[in-house]
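**Student:** Adding 5 to a residue's 1-based position in the sequence shown gives its number in my numbering.
Glycine included, every Cβ here is placed at the ideal spot set by N, Cα and C.
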Amino acid sequence: LGVCTEMAFCYPDTVVPHPAALAYLKLSFWVYVLNHSKDLPQTIHWEHPGLDYIDTGFHSFQRNQETIVSLEMPLVQEITTTLREWFNIWKQLYSGQTEKFRQVTSMMYDLMERRSQLLSGTLPHDELKDLKQEVTMKIDFGNKMLELCLVVRDENGNILDPDKTSVISLFEAHRKATHDITELIREETFQNQSEYSRLSRLASAPTHSLFIWVRNFVCKIGEEAELFMALYDQHEQKIISENYLFRWASTGLPKEIDMLHNLKVVFTDLGNKDLNREKICLVCQIVRVGRMDLKEANVKKLTQGLRRPLGVSAMDITDILKGKAESDEDKHHFIPFQQVAAENDFLHSLIHKAIAAKEVHHKGQGLWVSMKLLSGDLKQIRKDHPHLVDRNTVVARKMGFPEIIMPGDVRNDIYVTLVQGEFDKQNKTTQKNVEVTMCVCDEYGSVIPVRAGDRPVTRYQSVVYYQLRQQRWMETVKVAIPIEDVHKTHLRFTFKHRSSGDSKDKSEKIFAMAYVKLMKLDGTTLRDGEHDLILYKVQRVNNCVSACASFRSSSGSHLVCSRDSFQISTLVCSTKLTQNVDLLGLLKWRSNVGFLNENLRKLMKVDGGEIVKFLQDTLDAMFSIMMEFSDIDTYDKLVFDALIFVIGLIADRKFQHFNAVLEAYIKQHFSATLAYKKLLSVLTGYVHTASQGLECEPLKRVFKVLEYVFKFIVRSRCLFSQYVPLCLMESGTTRCSARVWTDPPLPLSPTAECRAILLPMMTTMLKELIERSEEEQDSIELLSNLLEVLYRPNVGNTYENIQDIMDKLLRTVNRMVIILGRDHQLIVSTPHLICFDFLMETFIMFKDLIGKNVYPVDWLVMSMVQNRVFLRAINQYAETLNKMFLNSSSFELQLWNNYFHLAVAFLTQDTLQLENFSNAKRTAILFKYGDIRGTVAASIRDMWYNLGQNKFRFIPSLVGPILEMTLVPETELRKSTIPIFFDMMQCEFQFQGNFRMFEDEIIKRLDHEVEGGRGDEQYKMLFEKIILEHCRKYTTLAKLGESFVALVTGLLERLLDYRNVMNDEKQAYNMSCTVNLLNFYKEIDREEMYIRYLYKLRDLHLSSENYTEAAYTLLLHAKLLKVTCGMCRGACVWVGGFMWEEAIHLCKELSVQYETEIFHYELLSQTLQRQAKFYENIMKVLRLTPEFFAVGYYGQGFPTFLRNKVFIYRGKEYERREDFELQLMMQFPNAEKMKTTSPPGVDLRSGPGQCILPLHFPVHLRDRAHLPPPPSDG
């Protein structure tokens, strides 16, 4: 914080803190003493003003102890931990992975912003829930992308506690989380495809949406304004979408300041036909709200609140919708504003002029918007683009049905458009300024709020045009009312003259009224299209409500405005209200069952376009008829024929895009469990009729849609099977049992009494099925459900139930896991053998599961839970081994050997190597589970010491696993387990008089383990210290032990150098280091390891095209062999190095062997021919003579394999000494080049610096074969 913080919390018997400490405390933190007592600790609440990243929590002080409980919600803590973990990876991404770096940067900024929102505490509950879901999804996505561990959560987004969750539930949560994240990544990848793929996706998607973000509106008005934005079809000259209304204040900002930079709308339900319209525009009609004439100055005496036309902005967006032009939320488009020429210009007519105008004199006035075309319906785009379409984004639907109406998409919108009117001036000298007010009223005349843009209103007032007889508004209002209230609802229109003067305007009365009912007497909705309404005179304004009620009963007794006319148009977009009488008859079949035959026949004459709008309700009605009359077949054929007719409509090319709707209905909404019987009955009847040679026209129609008929049959049968479990019980499957056991609504619930009856039967059945490898998936499901139920906290005592499962199924499941497709015959005779077989099977299964990595790498929680289970089981089995299989009479070598191998494999598995995890993940694992490795290592050590005289039987087979365990980079573990090596040495020494087997094995395994990445300098020091300490306690082992330790530490030093050099990118000294190591193996007489590194050196030379040196290397191996294959290979390699003299020398040796020893004359012939070729090459082929250099490395600053040694290098052809020395010094920039050729002294050799002595080494070509070996020391 930059401020020194000191404080003292005083108890009654302590001194008062210094005032300076209180000052520091005040500067840094606010501290609230929440309670204080003489005997109880104080609880302190820490806060820091203005800094939200300081940890806040309850600090409970009790003398020298402190307990901190965070006050932050868990999700905020998770975000903080995640950001810290991502930050370290984010820095590493900067250098090479630019795209991923940018992605992580964006996600980190998003998480920080969301964290601030969570800390603000101002979000309502529903927004907080959505924000939590968004945050957890982003965290999980980022963890997967960065290859971090998977976080499993419950349905509320909270991290699951493995201690409080059953293993089965935890596994299912992991599987679900993996599936969800994989789907999310797939969708992200799908969205980030190329432009061509994006256009293809837009073309193939059935539904599209257009996102609009209003950035700014610039216009000199001086009054408030209402802006109505919509999509407009230029060819049809009509608006095709709902209006998006936003209000602009006279100050030049949004009226609601919270909407600044947040004016976003998405126009949905756009189909491919809409995108392919000839010309489609984004239009915005601007209506000012204020006085009649802007030029009038005396504001106080003028009428306010009048809605007057101001202008229009229009932009052609056809290319954007068709994907031909760029659509990006970051690109701003300017839409010029065209003001009305006179305030009597109709806004609707002005739209056409604005679109047709080639140039608009906007004077910088207009709209700034961003737009982006999105594919998918509203649910999909909210999921794919949460940063664009959030809860604050207004949704404007298309005025009309989308091309596909999915089941469950309930809509009941009625759009009313004030089209035009003509009004006589009557007794006035000028034409009227007519304002139309529309209300939605119930049967009693009470007003129902309607939606006219952004929020519900009780009435809608039209724009006022000044002194016109014929007025054309073309203003649309959306009426959204409950379906059950439509039949008693009507629209009421009142007409009033508005004056510019306030006093005169108040005296104006409503002069006419009109109304229209939304539903006809036959139950159908008001037809779509234009309607001419009758205007009735209104004498007094107070009579308006009562007059409307009397009009509905007897309209003839009221005066009609014969000289006035008024026209509206309506559009019904409802999935529940139809305008077709025949379809309505079927949908309401229960109200008049006597006409059911007639209604079913009439359905097959209804227009297909009307049926697909009500597809779900139509199908529901037909199947409900089947279910209602399941005992009789009176209506079966008619319902079947009607179903075939409806399915046939969807099969037609005109409605083929509704195939997905029908599929969704079958899978998600269809629920007629007995329909399969009816459908099969009618279908088989038709087939029987046709088989007799009789004409059967319906069967022809059936064959066209047979696929969906059988889908209905199969789905119905499946539903029937799920809800009638006894049927499945009779068929002998386990699926029913699984459902009975876990489904509370069913009669059989998992109570103690029920378990006592069901569980023995189920376990017996499972045992038989698993052993026969039948119904494996259902058996696994049932066993999982059993364990899940028994884990629940409210099921009572389950000890006997679990014991029953263990007795019958544990060995059976073990065997199934082990054999997995292999035949296995188990012999069981005595209890001792039963236990032996069980332990052998379990050890094999556990080791197999650990080695296979059953769970994905990122399922860390699941792996740790598995490890905890394994640990408990291994410890339990260790006790059994000590009790039953330790005595000499009952000792089982293979069983103990399997135990040690299993325990070591468990300890060294990747999921327990905490040093490979980030700090945050390592801390979390230690806090939750501890370091399991220490516990297992202690158990292995104890079990080893329990072996007693049987230890020798495990040498040398157990040396490798113990070595692998001791190499785990955990200091305390190494200290506790390295002494096992001394015990092995001592044990073998007692039996053999030496420990040669142990020594050979540890040298061989050390080479393998260190090369694989295990071991470090600390291990070498610990090994040396611990083994020497133990050896020096025994005089018989002191000298041998010291020699052994020197041997192992020397090998470890060289192996560590070799590993470091081979992993270095430069690889400048890999040959020198390899030579150093193979010479060491030669010195200690380990021929197998020596030969292994000879071939490693050979490969290094060949990769560097050093053919001469590679040949000399092979010759070293050839000298160890009795046969001549090594010489032959050496001769071949020398050819590549132009060393023909050496090749001739080998050929002569081979010739003697072929001729006098093995008598292989064919090989002799080939060898002599090759020898002749070498002589010819000497005479004819020009050879370049390389230079040789001797280089000495002096000083302790060099690696051990170079330190105080001299090497001879063969330079490149015609390479100068200066170039060689320059390249040499670049490899050691801190080294000093010696200027004398005299041998260095002891001070220089033992000093900490680096000194290089390069010398020219003259070698004649004829002498190259007789070069001495490079000296090991200067």
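Spell out a yes or no on whether the region 565–574 and the region 395–414 are touching, meaning 3 or more CB-CB pairs, one atom from each, closer than 8 Å.
**Tutor:** Counting Cβ pairs under 8 Å, fewer than three are found: no touch.
**Student:** Might you give, ordered along the chain, the residues of its own chain that have their beta carbon closer than 7 Å to the beta carbon of P1263, omitting 5 neighbours on each side?
**Tutor:** Within the sequence shown, numbered from 1, the residue matching residue 1263 stands at position 1258. Here the set comprises nothing.
**Student:** In chain order, what residues of the same chain have a beta carbon less than 7 Å from the beta carbon of D1012, not counting five sequence neighbours either side?
**Tutor:** What you label residue 1012 is simply residue 1007 of the sequence shown in a count that begins at 1. Same-chain partners within the cutoff: L1060, M1094.
**Student:** Going along the chain, which residues of its own chain have a beta-carbon closer than 6 Å to the beta-carbon of Q425, five neighbours each way excluded?
**Tutor:** Walking along the sequence shown from the start, residue 425 turns up at place 420. Excluding positions up to five away in sequence, the list reads R477, Q572.
**Student:** Rounding to the nearest angstrom, what Cα-Cα distance links N349 and L531 in this structure?
**Tutor:** Within the sequence shown, the letter at position 344 stands for residue 349. Within the sequence shown, the letter at position 526 stands for residue 531. Approximately 32 Å between the Cα atoms of the pair.
**Student:** Where L771 and V862 are concerned, what is the direct C-alpha to C-alpha distance, given to the nearest angstrom?
**Tutor:** Indexing the sequence shown from 1 puts residue 771 at position 766. Indexing the sequence shown from 1 puts residue 862 at position 857. Looking at the two C-alpha atoms, the distance is approximately 31 Å.
**Student:** Just checking my contact of A319 with I386 at CB under 8 Å: how many whole Å lie between their CB atoms?
**Tutor:** Against the sequence shown, residue 319 aligns to sequence position 314. Against the sequence shown, residue 386 aligns to sequence position 381. So it is not a contact: roughly 25 Å between Cβ atoms.
**Student:** May I ask you to report which of helix, strand or coil DSSP gives W864?
**Tutor:** Sequence index remark: in the sequence shown, residue 864 carries index 859 (1-based). It is coil, neither helix nor strand.
**Student:** In the DSSP output, which residue or residues are listed as bridge partners for M518?
**Tutor:** Along the sequence shown, read from residue 1 onward, the residue named residue 518 stands at position 513. In DSSP, M518 forms a bridge with T499, Y541.
**Student:** Using a Cβ distance threshold of 8 Å, determine whether the region 1028–1041 contacts the region 1049–1060, with at least three qualifying pairs required.
**Tutor:** Cβ pair count under 8 Å is three or more, so yes.
**Student:** Here's the rule I'm using: 16 or more other beta-carbon atoms within 10 Å means buried, otherwise exposed. How should T769 be labelled?
**Tutor:** As a position in the sequence shown, residue 769 is number 764, starting the count at 1. Exposed is the call here.
**Student:** Taking the Cβ atom as the reference point for each residue, do A680 and F717 lie within a distance shorter than 9 Å?
**Tutor:** For the purposes of this step, residue 680 is taken as residue 675 along the sequence shown, with counting starting at 1. For the purposes of this step, residue 717 is taken as residue 712 along the sequence shown, with counting starting at 1. Their beta carbons are under 9 Å apart, which means A680 touches F717 by this criterion.
**Student:** DSSP three-state label for Q370, please.
**Tutor:** Walking along the sequence shown from the start, residue 370 turns up at place 365. Three-state result, Q370: coil.
**Student:** Which value, in whole angstroms, describes the spacing of the CA atoms of G257 and H492?
**Tutor:** Residue numbering aside, residue 257 sits at position 252 when the sequence shown is read from its first letter. Residue numbering aside, residue 492 sits at position 487 when the sequence shown is read from its first letter. Cα to Cα, the separation comes out at about 44 Å.
**Student:** Hey, how far is the Cα of A908 from the Cα of V157?
**Tutor:** Taking the sequence shown and counting its residues from 1, one reaches residue 908 at position 903. Taking the sequence shown and counting its residues from 1, one reaches residue 157 at position 152. Their Cα atoms are separated by approximately 28 Å.
**Student:** Would D333 be called buried (16 or more neighbouring beta carbons within 10 Å of its own) or exposed?
**Tutor:** Taking the first residue of the sequence shown as position 1, residue 333 is located at position 328. It is exposed - the Cβ of D333 has fewer than 16 other Cβ atoms within 10 Å.
**Student:** For K1217 and E1192, what's the separation of their Cα atoms in angstroms?
**Tutor:** The residue you call residue 1217 lines up with position 1212 of the sequence shown. The residue you call residue 1192 lines up with position 1187 of the sequence shown. Their Cα atoms are separated by approximately 7 Å.
**Student:** Could you tell me how far apart the beta carbons of L589 and G528 are, in whole angstroms, since I believe they sit closer than 8 Å?
**Tutor:** Locating residue 589 in the sequence shown gives position 584, counting from the first residue. Locating residue 528 in the sequence shown gives position 523, counting from the first residue. Confirmed, about 5 Å.
**Student:** In chain order, what residues of the same chain have a beta carbon less than 6 Å from the beta carbon of K683, not counting five sequence neighbours either side?
**Tutor:** Counted from its first residue, the sequence shown places residue 683 at position 678. Excluding residues within five positions, the ones whose Cβ falls inside 6 Å are M631, D641.
**Student:** Quick check: V439 and R503, are their CB atoms within less than 9 Å of each other?
**Tutor:** The residue labelled residue 439 in the question sits at position 434 within the sequence shown. The residue labelled residue 503 in the question sits at position 498 within the sequence shown. Yes, Cβ-Cβ distance for V439 and R503 is below 9 Å.
**Student:** Check whether the region 1245–1253 touches the region 1192–1201, taking contact to mean three or more Cβ pairs, one atom from each stretch, closer than 8 Å.
**Tutor:** As far as the Cβ criterion goes, the region 1245–1253 touches the region 1192–1201, which means the pair count is three or higher.
**Student:** Can you check whether the CB of L80 is closer than 9 Å to the CB of L123?
**Tutor:** In the sequence shown, counting from the first residue as 1, residue 123 sits at position 118. In the sequence shown, counting from the first residue as 1, residue 80 sits at position 75. Their beta carbons are under 9 Å apart, which means L123 touches L80 by this criterion.
**Student:** Using only CA atoms, which one of L624, I245, L526 lies nearest to I285?
**Tutor:** Taking the sequence shown and counting its residues from 1, the one referred to as residue 285 is at position 280. Nearest of L624, I245, L526 to I285, Cα basis: I245.
**Student:** Can you have a look at C723 and say buried or exposed, based on whether 16 or more other CB atoms are within 10 angstroms of its CB?
**Tutor:** Within the sequence shown, numbered from 1, the residue matching residue 723 stands at position 718. Flag for C723 reads exposed.
**Student:** At the level of alpha carbons, what is the spacing between F619 and L275?
**Tutor:** Locating residue 619 in the sequence shown gives position 614, counting from the first residue. Locating residue 275 in the sequence shown gives position 270, counting from the first residue. Near 19 Å, if we compare the C-alpha coordinates of L275 and F619.
**Student:** Tell me, please, which residues DSSP counts as bridged to G534.
**Tutor:** Your numbering for residue 534 matches position 529 in the sequence shown. Per DSSP, T575.
**Student:** Do you know how far the Cα of L383 is from the Cα of G534?
**Tutor:** Mapped onto the sequence shown, residue 534 falls at position 529. Mapped onto the sequence shown, residue 383 falls at position 378. Cα to Cα, G534 sits roughly 28 Å from L383.
**Student:** With C-beta atoms as the reference, is F500 less than 9 Å away from V441?
**Tutor:** Taking the sequence shown and counting its residues from 1, one reaches residue 500 at position 495. Taking the sequence shown and counting its residues from 1, one reaches residue 441 at position 436. The answer is yes: Cβ separation under 9 Å.
**Student:** Keeping to the same chain, check which residues put their C-beta closer than 6 Å to that of M479; ignore five residues upstream and five downstream.
**Tutor:** Counted from its first residue, the sequence shown places residue 479 at position 474. If we look at M479 and ignore the five residues flanking it on each side, its Cβ neighbours are H353.
**Student:** Given that a residue counts as buried once 16 or more other Cβ atoms are within 10 Å of its Cβ, and exposed if not, what is F848?
**Tutor:** For the purposes of this step, residue 848 is taken as residue 843 along the sequence shown, with counting starting at 1. Per the 10 Å Cβ criterion, buried.
**Student:** Indicate whether E118 and P391 have their beta-carbon atoms separated by less than 9 Å.
**Tutor:** Position 113 of the sequence shown, counting from 1, holds the residue named residue 118. Position 386 of the sequence shown, counting from 1, holds the residue named residue 391. Going by C-beta atoms, E118 is not nearer than 9 Å to P391.
**Student:** Suppose the cutoff is 6 Å on Cβ atoms and the five residues either side in sequence are ignored; what does the same chain contact list for P266 look like?
**Tutor:** On the sequence shown, position 261 is the one that residue 266 refers to. One point to set straight first is that residue 266 is His, not Pro, in the sequence displayed. Here the set comprises nothing.
**Student:** I need the boundaries of the alpha helix (DSSP H) containing L1056, first residue and last residue.
**Tutor:** For the purposes of this step, residue 1056 is identified with residue 1051 of the sequence shown, where counting begins at 1. Here the alpha helix (DSSP H) through L1056 covers 1040–1068.
**Student:** Just to confirm, is the Cβ distance from S579 to D414 under 9 Å?
**Tutor:** Translated into the one-based positions of the sequence shown, residue 579 becomes position 574. Translated into the one-based positions of the sequence shown, residue 414 becomes position 409. Cβ distance not < 9 Å, so S579 and D414 don't count as in contact.
**Student:** For a test of the three-state rule: what should DSSP assign to I637, helix, strand or coil?
**Tutor:** Translated into positions along the sequence shown, residue 637 becomes position 632. It is coil, neither helix nor strand.
**Student:** Pick out whichever of G405, K430, T422, T494 has its Cα sitting closest to the Cα of V445.
**Tutor:** In the sequence shown, residue 445 corresponds to position 440, counting from 1. Considering only alpha carbons, the answer is T494.
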